[in-house]
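Visitor: Numbering (our numbering), first residue to last: 945 to 1292.
Built from N, CA and C at the ideal position, the CB exists for glycine as well.
Below you'll find the structure I mean.
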């Protein structure tokens, strides 16, 4: 589907029906955003540094909030930062009361993960910094099961060594303590699912889409029918992504699953919409994508990593876009009914 081209001097190019707003565009490497509502307020967190270096000292994590559906954003609020480490915003979700939770990685010799809670998007309280083994590279978005709060993690490095693993974290006390379990270990990079996004389908069913760190490989699909006790891993037919993080929204009423992702290199924010039953039966049955917006393409890893959430009647997808020195944090929004009209899923 054709879209107009634009330069990085513009906010973004987007398809009709898709609104793109700027969360942060001050000079600097603004990147790796996460988005989560608190009531009717959207909260977007991200980090600011000088380059694509998660270990950069003094790289701090910040937040802005919006009370008008993402059209305008507050002044930035410091969450976490230190001369001793660099921060990355890596996961989001809610506690049992609906307050927003955010995972932030502190990258130094300790590589400790910190969980923050906010009730209003203005004040952030550190909830826990759990001691974990294996030490995750990242902890991802939080979801809810009868066991409590759950999220997926992955470890170790991005080398060719078969030392990679992934698994679950479960909290029965609203995030204060966590129990870690490994699902797979001793994986090669090609077999390693990273940065997964999980949709809760109900009746014990979980669906996750995860990226692959080998260039040219398609995304993974992870499924569970017992609330995450056991998992099945397969390959999807989504290969137009290039080491970029996918994100899911599930519409329970319509039984549709929305996968948003940013195709690095090509500089395209994309969407695929599928009927759950189709892709649960065949992970390679994802319909063709629709292009929603265009962003940076100068160097692939200076743009990407979508993170989405539903609020009211709209979907909000945050991502970053730029060049090796300056990046914007952006939020695209659209009405899911418009998405369905755009998507080839209806033609299946």
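1) Report the rounded CA-to-CA distance for residue 976 versus residue 1153, giving the unit in angstroms.
2) Is residue 1130 near residue 1104, with beta carbons less than 9 Å apart?
3) Between the alpha carbons of residue 1140 and residue 1164, how many angstroms are there, rounded?
4) By the 10 Å Cβ neighbour count, where 16 or more other Cβ atoms means buried, how is residue 1235 classified, buried or exposed?
5) Report all residues from its chain with a CB closer than 8 Å to the CB of residue 1069; omit the five preceding and five following residues, and keep chain order.
6) Hey, residue 929 and residue 1277: beta-carbon distance below 9 Å or not?
7) With DSSP as the reference, label residue 1020 as helix, strand or coil.
8) Assuming residue 1047 and residue 1083 are in contact, meaning their beta carbons sit under 8 Å apart, how far apart are those beta carbons, in whole angstroms?
9) Under 6 Å Cβ to Cβ from residue 949, same chain only, skipping five residues before and after it: list those, please.
10) Answer with buried or exposed for residue 1228, where buried requires no fewer than 16 other C-beta atoms within 10 angstroms of its C-beta.
11) On the CB-based measure, 16 or more other CB atoms within 10 Å of its CB, does residue 1079 come out buried or exposed?
12) Indicate whether residue 1119 and residue 1071 have their beta-carbon atoms separated by less than 9 Å.
13) When burial is assigned at 16 or more other CB atoms within 10 Å of the CB, is residue 1196 buried or exposed?
14) Tell me whether residue 1182 sits in a helix, a strand or coil according to DSSP, three-state version.
15) What residues match up with residue 1195 in a beta bridge as DSSP calls it?
16) Residues in the same chain with beta-carbon distance under 7 Å from residue 1085, minus the five sequence neighbours each way, listed in chain order, please.
17) Put residue 913 into one of helix, strand or coil per three-state DSSP.
18) Short check: CB of residue 973 to CB of residue 1185, under 9 Å?
19) In terms of DSSP beta bridges, what is residue 1271 paired with?
20) Excluding five sequence neighbours on each side, which residues of the same chain lie with their C-beta closer than 7 Å to the C-beta of residue 962?
21) Specify, as a first and last residue, the run of the alpha helix (DSSP H) that residue 1003 falls within.
22) So residue 1017 and residue 1008 are in contact, right, with Cβ under 8 Å, and what is the actual spacing, rounded?
23) Just how far apart, CA to CA, sit residue 1290 and residue 1210?
24) Rounded C-beta distance between residue 1151 and residue 1201? I'm assuming under 8 Å.
25) What residues match up with residue 1098 in a beta bridge as DSSP calls it?
26) Which first and last residues belong to the alpha helix (DSSP H) in which residue 1225 is found?
27) Tell me, please, which residues DSSP counts as bridged to residue 1317.
28) Please tell me whether residue 1191 and residue 1254 are closer than 9 Å, where the distance is taken between their beta carbons.
29) Where do the ends of the beta strand (DSSP E) carrying residue 1032 lie?
30) Under three-state DSSP, which class holds residue 1120?
31) Give the DSSP bridge partners of residue 1243, in chain order.
32) Leaving out the 5 sequence neighbours to the left and right, which residues in its chain are closer than 6 Å to residue 1242 when beta-carbon positions are compared?
33) Leaving aside the five residues before and after residue 969 along the sequence, list all residues of the same chain whose C-beta is less than 6 Å from its C-beta, in chain order.
34) Can you tell me whether residue 1084 sits near the ligand FAD, meaning its C-beta is under 8 Å from at least one heavy atom of the ligand?
35) Can you tell me where the beta strand (DSSP E) with residue 1051 in it begins and where it stops?
36) What residues in its chain sit with their C-beta under 6 Å from that of residue 1108, if we drop five residues either side in the sequence?
Guide: Inspection of the coordinates gives the following:
1) 18 Å
2) no
3) 9 Å
4) buried
5) 1060, 1061, 1062
6) A question about residue 929 goes unanswered here, because the residues of the chain that appear run from 945 up to 1292.
7) coil
8) 5 Å
9) Caution is warranted here: a pLDDT of 29 is assigned to residue 949, below 50, making its placement in the model unreliable, and no coordinate value can be reported.
10) exposed
11) exposed
12) yes
13) exposed
14) coil
15) 1200
16) 1035, 1036, 1037, 1095, 1141, 1142
17) Outside the shown range of the chain (945 to 1292) lies residue 913, about which nothing can therefore be said.
18) no
19) 973, 1266
20) 1236, 1237, 1276, 1278
21) Where residue 1003 is concerned, there is no enclosing alpha helix (DSSP H), given that its DSSP letter is neither H nor E.
22) 4 Å
23) Per-residue confidence for residue 1290 stands at a pLDDT of 43, beneath the threshold of 50, marking its modelled position as unreliable; the derived number appears in the next sentence. Between residue 1290 and residue 1210, the C-alpha separation is close to 26 Å.
24) 7 Å
25) 1082, 1110
26) 1220–1225
27) No answer is possible for residue 1317: the residues shown for the chain start at 945 and end at 1292.
28) no
29) 1030–1038
30) coil
31) Answer is none; residue 1243 lacks a bridge partner.
32) 1267
33) 1272
34) Absence of the ligand FAD from the depicted structure is noted, as is the absence of any ligand whatsoever, leaving it without description.
35) 1044–1051
36) 1100, 1131, 1136
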